[in-house]
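Participant: Numbering (this note's numbering), first residue to last: 204 to 506.
Ideal Cβ positions, reconstructed from N, Cα and C, are used throughout, including at glycine.
Every value quoted in this text rests on a predicted model; they were computed, and no experiment measured them.
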Ligand code: GUN
């Protein structure tokens, strides 16, 4: 088998390692000044995939020197119990970031839970304060997966201004914030979804395709303009040839000869999500310090 030219592969693992090395250096500096960033990760129930994600987040935090606090509640925990825990974490000065792992059990109102998190501790960027801030182009906490995708795109493409980006999928976690970040980077952005007409033709116009639909190998070579840059956010487990394996939303083997660069699955976007969670924890701490500073500074103008 011919080796894949490395210039075509967008190596999320290597980029994530660089992001984490920067975070580690920053954390070490903060700790010298007596401050240790803290991240609380809340898991409700026993969903197998969520347990793996939470374990990885806690492990990675430890590796970069962030104090992590894992909080588990049983599947039958009430909404009130979860809200009380979030209130406690909001008040805790040693907790700078709060993440509630999704999905939550069906009896819990996810929106109310997300809205209960202090927006300055909302390292997922899901609170409406942060969603609105992103839409307005303000400097706020932004969702980790799309933020990680933007870093990969900037490294792969250089200048993004004027490029036509097609985002496939309109989820609150990836598709919508991804579109907002691309717009902020001066791309021309099209969002396509399950009800769009002629998905393929729309994708074929794209200089950049970001696939985030959760459908294994939906996008094949025919959907892609020659030389496109492809970011595959999908992580789908399939059974193939009697084996279980992870594949993306893009048919990687078919797309490879056609594109100028593409993320593999696994090893592309996945590692970037956790790296940006760590980066967001530092950003959250910084935003909280700025807010505290503003509170201490007397207002000199008549207000
Ligand atoms: N579940 C799947 N992705 C995410 C994420 O980015 N954040 C949280 N909190 N839960 C998730």
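#1: Closest to residue 282 by C-alpha separation, out of 297, 295, 303, 433, would be which residue?
#2: For residue 443, which residues does DSSP report across the bridge?
#3: Given 6 Å as the limit, tell me if residue 327 has its C-beta closer than that to any heavy atom belonging to the ligand GUN.
#4: Leaving out five residues before and five after residue 450 in sequence, what residues of the same chain have Cβ atoms less than 7 Å from its Cβ?
#5: Does the ligand GUN have a heavy atom nearer than 6 Å to the CB of residue 304?
#6: Apart from the five residues on each side of it in sequence, which residues of its chain come closer than 7 Å, Cβ to Cβ, to residue 291?
#7: Let me confirm a value: residue 382 is counted as buried when at least 16 other C-beta atoms fall within 10 Å, else exposed. Which label applies?
#8: What's the call for residue 262, buried or exposed, on a 16-neighbour Cβ count within 10 Å?
#9: Any chance the region 317 to 336 sits against the region 360 to 371, with 3 or more Cβ pairs inside 8 Å?
#10: Is the beta carbon of residue 269 sitting closer than 7 Å to the one on residue 240?
#11: Taking the Cβ atom as the reference point for each residue, do residue 431 and residue 462 lie within a distance shorter than 7 Å?
#12: Nearest by alpha-carbon distance to residue 422: which of 444, 446, 395 is it?
Facilitator: On the basis of the data shown:
#1: Of the listed residues, the one whose Cα sits closest to residue 282 is 303.
#2: 446
#3: yes
#4: 419, 420, 439, 441, 468
#5: For residue 304, the shortest C-beta to heavy atom distance toward the ligand GUN is below 6 Å.
#6: Counting only Cβ-Cβ distances below 7 Å, and skipping sequence neighbours, we find nothing.
#7: buried
#8: exposed
#9: no
#10: yes
#11: yes
#12: Of the candidates 444, 446, 395, 395 places its Cα closest to the Cα of residue 422.
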